[in-house]
Every structure is written in structure tokens, then in C-alpha cells.
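Report on one structure; see the data block that follows.
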Amino acid sequence: MRKLIMTTLAACMLLAFQGSAVASDFDAAATFKKKCSICHKLDKKGMGPAILKMSADTKVLTDTITNGRKSMPTFSKKFNAEEITALVEHLVALKK
Ligand code: HEC
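Heads up: take any position in the sequence shown, counting from 1, add 17, and you land on the numbering used here.
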């Protein structure tokens, strides 16, 4: 019985650790503030479109961040696909 509890506990800790590793490795909000907010404000047009005016299509958002578009820089070398997805989720959350 004791062994079962210990095993369960170890499994839970492993899961908790894995979960937090993904979330804490990359802080989309902080990254956005550092790398994107110079050009993107929430409701005012900066050099780039205001976040509230951005496309509702997550594919468009993902493609634009990944490949760039006109004066929007390409970020595929700076961020991996998961990080770009996190940035898109951050934008979608801000738009609500
Ligand atoms: C040098 C200024 C600049 C920086 C820095 C910048 N952007 Fe942009 N961004 C733009 C411009 C300009 C556009 C519009 C491109 C166009 O006209 O097609 C744009 C477009 C976008 C779009 C598409 C919006 C839509 O509705 O199609 C997204 C999403 C986006 N940026 C996200 C980001 C993210 C995330 C970052 C940071 C990792 C970032 N941008 C950093 C200038 C910038």
C-alpha cells in the first residue's frame, strides 16, 4: 500500500513538473512586452496594427509571426512553433 502511494506521488510530481516546465520556460506576456509591444499596442495603431484590430484567424496570426509580412519581422528563427503558438494564444486572450 505504501509503495502504491509513493509511486502515485512520484507520478504526480513528474506530471506537475512537466506541466510547469512548458509554461514557465516561455512567458508569452513578457516576451510580447519585450519584443512586440514597440510596434503593437492594445488599441492604438503603432508601427503595426493594434492588437484589438488583428485578424481573428489564428492561422493568419501564426503565419504572420512565423514568416513576417511587409514591415512585420520574421520570428521563426527566434521562437519555435510552441512559443509562437503561445504568443498567438496571448494575442487571442488580449482581444477578448
Ligand atoms: C518593427 C515593428 C514590429 C515588431 C517588432 C513586431 N511587429 Fe507584428 N506587425 C508589424 C507590422 C507593420 C504588421 C502589419 C504587416 C502588414 O501590413 O501586412 C504586423 C502584423 C502582425 C500580425 C498580423 C496581424 C493581422 O491581423 O494580420 C501579428 C499577429 C503580429 N504582427 C504579431 C507580432 C508579434 C507576436 C510580435 C513579437 C514577437 C510582433 N508582431 C513584432 C510590425 C511589427
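Idealized CB from N, CA, C, for every residue including glycine.
Near the ligand HEC: residue i beta-carbon under 7 Å from a heavy atom
| i | result |
| --- | --- |
| Phe92 | yes |
| Lys112 | no |
| Phe49 | yes |
| Leu69 | no |
| Lys52 | yes |
Residue i beta carbon near the ligand ADP (any heavy atom closer than 7 Å)
| i | result |
| --- | --- |
| Val109 | The ligand ADP is not among the ligands present in this structure, which contains only the ligand HEC. |
Expected contact under 8 Å - CB spacing of residue i and residue j to nearest Å
| i | j | result |
| --- | --- | --- |
| Leu136 | Ile68 | Here the chain has residues from 18 to 113 only, and residue 136 is not among them. |
| Ile82 | Ile101 | 5 Å |
| Met71 | Lys113 | About 12 Å; that fails the 8 Å criterion. |
| Met64 | Ser93 | At roughly 20 Å, the Cβ-Cβ gap does not stay under 8 Å, so Met64 and Ser93 are not in contact. |
Contacts around residue i, its chain only, beta-carbon distance under 6 Å, and the 5 residues preceding and following it disregarded
| i | result |
| --- | --- |
| Thr75 | Val105 |
| Phe43 | Glu100 and Ala103 |
Segment limits, alpha helix (DSSP H) that includes residue i
| i | result |
| --- | --- |
| Asn84 | Thr75 to Asn84 |
| Lys95 | That residue, Lys95, is in no alpha helix (DSSP H); it is neither H nor E in DSSP. |
| Lys52 | Ala45 to Lys52 |
Spatial neighbours of residue i in its chain, beta-carbon cut-off 8 Å, leaving aside the 5 residues before and after
| i | result |
| --- | --- |
| Thr79 | Ile101, Thr102 and Val105 |
Same chain, Cβ closer than 7 Å to residue i, neighbours up to 5 away in sequence not counted
| i | result |
| --- | --- |
| Phe49 | Leu104 and His107 |
| Leu59 | Ala67, Ile68, Leu69 and Leu111 |
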